[in-house]
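Here is the structure we will look at.
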Amino acid sequence: LVRETFLPLFNGLITDIPEPNYLPVSDSRIDLDGTIFPVGSVGKAMAHFSPKITAIQQSAIHGYVEPTTAPAPLDPKDPRLPPNSSPLFKGCEKHGIVTKNFHPLVLERTRERLRTHLFSKCKPLRSVPRLKLTEQQAICGDPALPFCDPLRWNSSEGYPYFKFRPAGETTKKWLFKLEELPSGLVFLGYHELLDGIISYKRKQRRLGVVQPTIFVDCLKDARIP
97 LVRETFLPLF NGLITDIPEP NYLPVSDSRI DLDGTIFPVG SVGKAMAHFS
147 PKITAIQQSA IHGYVEPTTA PAPLDPKDPR LPPNSSPLFK GCEKHGIVTK
197 NFHPLVLERT RERLRTHLFS KCKPLRSVPR LKLTEQQAIC GDPALPFCDP
247 LRWNSSEGYP YFKFRPAGET TKKWLFKLEE LPSGLVFLGY HELLDGIISY
297 KRKQRRLGVV QPTIFVDCLK DARIP
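For any residue, its number in our numbering is found by taking its place in the sequence shown, counting from 1, and adding 96.
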């Protein structure tokens with residue numbers, strides 16, 4: 097539904113998405129079941145490491161009140177799981193489950209209802225058409241602009257940047273040169289690693305080439321019933 101709603105905005109754009117230089121699929125250490133078509137592997141140096149121990153700490157009243165939830169299993173050896181059952185692998189295999197298609201008439205009716213709802217209920221908060229945020233606004237936010245929040249500094253940098261996180265750093269602020277003032281953070285520049293990647297991708301986009309974005313599957317460290 098989201099793709100069909102916004103697809104008309106991109107009609108006429110000529111883009112090319114190059115294929116990354118992966119290592120052979122035969123080098124992969126896992127074999128997932130389902131309708132999944134592997135395109136390559138990344139090797140040990142760039143492989144994603146998934147923590148097996150929860151970061152959730154027990155509160156001071158733990159044991160006084162019977163808990164109704166517990167940290168979700170992260171380790172295949174967790175006694176709550178069946179033998180030889182990896183929660184990460186099982187989660188990845190869900191991508192290979194083929195979904196049933198909706199009837200075209202149902203999609204069209206849903207699209208029209210969503211479109212009508214958006215036009216009637218979603219009041220524009222920005223009077224400038226096609227507003228382009230500055231780097232200061234995009235990174236540090238702008239209190240004067242509705243919904244222009246700063247980056248969430250306590251979340252992961254994303255792949256592959258977290259592989260280069262310096263020792264002692266616990267957030268992604270190391271990727272940005274920032275100055276902290278009473279009024280808030282001021283953006284001064286990027287870390288040389290990120291600066292080089294952003295400059296390259298912007299040049300490529302001006303040529304109609306979109307560099308692919310790599311997403312990583314990971315387990316959510318959260319409490320579950």
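C-beta atoms are modelled at their ideal positions from N, C-alpha and C, and glycine is treated no differently.
Per the DSSP calculation, residue i is bridged to which residue(s)?
i, result
"residue 263", "The partner list for residue 263 (beta bridge, DSSP) is empty, contrary to what the question assumes."
"residue 320", "166"
"residue 137", "119"
"residue 208", "Residue 208 is not bridged to any residue."
"residue 229", "Partner(s): none; residue 229 has no beta bridge."
Starting from the Cα of residue i, find the closest Cα among the options and give me that residue.
i, options, result
"residue 246", "147, 283, 317", "283"
"residue 187", "264, 171, 298, 152", "171"
"residue 240", "279, 311, 194, 150", "279"
"residue 324", "249, 250, 268", "Summary: the structure shown does not reach residue 324, with the chain confined to residues 97 through 321, and so no result is reported for it."
"residue 194", "132, 209, 155", "132"
"residue 235", "281, 207, 227", "281"
"residue 191", "202, 208, 134", "134"
Check the C-beta distance from residue i over to residue j and give it rounded, since I have them as a contact under 8 Å.
i, j, result
"residue 320", "residue 166", "7 Å"
"residue 152", "residue 317", "7 Å"
"residue 254", "residue 244", "Going by Cβ atoms, the distance from residue 254 to residue 244 rounds to 21 Å, so no, they are not a contact pair."
"residue 169", "residue 183", "5 Å"
"residue 129", "residue 189", "5 Å"
"residue 136", "residue 118", "2 Å"
In this structure, does DSSP put residue i in helix, strand or coil?
i, result
"residue 202", "helix"
"residue 324", "Residue numbering for the chain in the displayed model covers 97 to 321; residue 324 lies beyond these limits and cannot be assessed."
"residue 286", "strand"
"residue 295", "helix"
"residue 254", "coil"
"residue 192", "helix"
"residue 217", "helix"
"residue 184", "helix"
"residue 269", "helix"
Would you tell me roughly how many angstroms separate the C-alpha atoms of residue i and residue j, rounded to the nearest one?
i, j, result
"residue 138", "residue 145", "12 Å"
"residue 265", "residue 290", "16 Å"
"residue 298", "residue 229", "15 Å"
"residue 179", "residue 173", "7 Å"
"residue 357", "residue 262", "Nothing about residue 357 can be read from this structure; the chain reaches only from 97 to 321."
"residue 272", "residue 142", "22 Å"
"residue 286", "residue 308", "21 Å"
"residue 125", "residue 315", "18 Å"
"residue 198", "residue 204", "10 Å"
"residue 232", "residue 275", "11 Å"
"residue 242", "residue 306", "29 Å"
"residue 311", "residue 113", "15 Å"
"residue 176", "residue 164", "15 Å"
"residue 122", "residue 250", "36 Å"
"residue 227", "residue 302", "19 Å"
"residue 115", "residue 256", "16 Å"
"residue 260", "residue 217", "44 Å"
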